[in-house]
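Note that the working numbering gives residue 202 to position 199 of the sequence shown, counting from 1, and the numbers run on in steps of one. Even glycine gets a Cβ: it sits at the ideal position worked out from N, Cα and C.
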Amino acid sequence: MLAKMSFMQNVKNIQEVEVSHKRVLIRVDFNVPLDENLNITDDTRIRESLPTIQFCIDNKAKDIILVSHLGRPKGVEEKLSLKPFLKRLERLLNHEVVFSQNIAQLKQALNESAPTRIFLLENIRFLKGEEENDENLAKDLASLCDVFVNDAFGTSHRKHASTYGTAKFAPIKVSGFLLKKEIDSFYQAFNHPLRPLLLIVGGA
4 MLAKMSFMQN VKNIQEVEVS HKRVLIRVDF NVPLDENLNI TDDTRIRESL PTIQFCIDNK
64 AKDIILVSHL GRPKGVEEKL SLKPFLKRLE RLLNHEVVFS QNIAQLKQAL NESAPTRIFL
124 LENIRFLKGE EENDENLAKD LASLCDVFVN DAFGTSHRKH ASTYGTAKFA PIKVSGFLLK
184 KEIDSFYQAF NHPLRPLLLI VGGA
């Protein structure tokens, strides 16, 4: 674990690369709780991704593609669609967000020339091959971008196509601000803990 944390600290952060006029794909974690009417009850995870997205906007990225999962769907399940997230994202970012039902639709939209655009791809777990780290899916996702940003700490331990696979094939891969913050916190706790120290360890 310590060796892995030390290695992860050496991963470049988004601030260290040029994103201006680049197409940036950000693997975010929008796996948030919903009520019975599919309303978001806690948008903390969405808000935590905002600094990385805003950095791309401020630095005039050509296109920003947001990729996330929601829940554990068995194929396409309407109740786990990310489409209802659009209004919340647009309000938080004060920026239009375009929803893409699938990668083919997204590719078509990317061919249109326009100032900085933000796209939200449908729940990546609707796609066959995501959880199996399908190489073709990973290559397809990597082909969408000039820069791949992993800002989904909660899913980074999973060898999935949108995390491990895309990073393998993307031309440039970096961490986002949230991922860097989490890694730095772990590194500090393991290597330079402030004492007295209390650890509460759990899982889900």
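Given a threshold of 16 other Cβ atoms within 10 Å of its Cβ, counted over all protein chains shown, does residue i qualify as buried or as exposed?
| i | result |
| --- | --- |
| V204 | exposed |
| S188 | exposed |
| V31 | buried |
| E39 | exposed |
| E128 | According to the sequence as given, residue 128 is Arg; it is not Glu. So R128 ends up on the buried side. |
| L202 | exposed |
| D61 | exposed |
| S103 | buried |
| A164 | buried |
| P199 | exposed |
| V100 | buried |
| A64 | buried |
| N126 | buried |
| V177 | buried |
Can you tell me where the beta strand (DSSP E) with residue i in it begins and where it stops?
| i | result |
| --- | --- |
| K176 | 176-178 |
| N153 | 150-153 |
Going by DSSP, what residue range makes up the alpha helix (DSSP H) through residue i?
| i | result |
| --- | --- |
| S52 | 47-61 |
| T166 | Segment: none, T166 is in no alpha helix (DSSP H) and carries neither H nor E. |
| A173 | Neither: A173 is in no alpha helix (DSSP H) and is coded neither H nor E. |
| D38 | D38 -> no alpha helix (DSSP H), and no H or E assigned at all. |
| L144 | 138-145 |
By DSSP, does residue i sit in helix, in strand, or in coil?
| i | result |
| --- | --- |
| F33 | coil |
| L83 | helix |
| I17 | helix |
| D66 | strand |
| I186 | helix |
| R26 | strand |
| I127 | helix |
| L5 | For L5, the predicted structure reports a pLDDT of 46, less than 50, and the residue's modelled location is therefore unreliable. The matter cannot be settled from this model. |
| F10 | Its pLDDT being 44, under 50, F10 is placed unreliably by the model, and the measurement read from it follows with that caveat. Correct three-state label for F10: helix. |
Stretch-stretch touch, CB-based, cutoff 8 Å, three pairs: the segment 131-142 with the segment 109-117:
Segments in contact, no.
| query | Pairing CB atoms from the segment 83-101 with CB atoms from the segment 147-156, are three or more of them under 8 Å? | reply | Verdict: no, contact absent.
Practice problem: Identify every run of the beta strand (DSSP E) within the segment 73-125, keeping only runs that are complete inside it and at least 3 residues long; order them along the chain. | Solution: Those beta strand (DSSP E) runs which fall completely within the segment 73-125 and span 3+ residues are 100-103, 120-124.
Given 8 Å, three or more beta-carbon pairs between the segment 54-74 and the segment 177-185: Output reads yes: the segment 177-185 touches the segment 54-74.
Exercise. Is the number of C-beta pairs between the segment 65-74 and the segment 14-33 that are closer than 8 Å three or more?
Worked result: Yes, the segment 65-74 touches the segment 14-33.
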